[in-house]
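**Student:**
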Amino acid sequence: MEEEFRFHLELEAERLAREEGLGSEEAWRRARVAFGGQDRYREEMREGRGLAWLSGRR
1007 MEEEFRFHLE LEAERLAREE GLGSEEAWRR ARVAFGGQDR YREEMREGRG LAWLSGRR
């Protein structure tokens, strides 16, 4: 999951650098701010798996 998260951060940082003319450090900073922390995504994944497990119990 960390590799996928980093991949999406890279894509966003590259987009920001290209489209907004930002330097590398600023593009990375803004990408991290836009995506939020990895903890948020980990929690969403846990919640999603939990709901899938519950729906399979019917």
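Note that our numbering has the sequence shown beginning at 1007, numbered continuously upward.
Yeah, the Cβ is synthetic: ideal placement off N, Cα and C, and Gly gets one too.
Just reading off the alpha helix (DSSP H) that residue 1017 is part of, what are its end residues?
**Tutor:** Taking the sequence shown and counting its residues from 1, one reaches residue 1017 at position 11. Counting along the chain, the alpha helix (DSSP H) containing residue 1017 begins and ends at 1008-1026.
**Student:** Nearest to residue 1012 by alpha carbon, out of 1052, 1037, 1050 and 1049?
**Tutor:** Sequence index remark: in the sequence shown, residue 1012 carries index 6 (1-based). Minimum Cα distance to residue 1012 is reached at 1037.
**Student:** Tell me whether residue 1022 is buried or exposed, calling it buried when 16 or more other Cβ atoms sit within 10 Å of its Cβ.
**Tutor:** What you label residue 1022 is simply residue 16 of the sequence shown in a count that begins at 1. Around the beta carbon of residue 1022, 16 or more other beta carbons sit within 10 angstroms, so the residue counts as buried.
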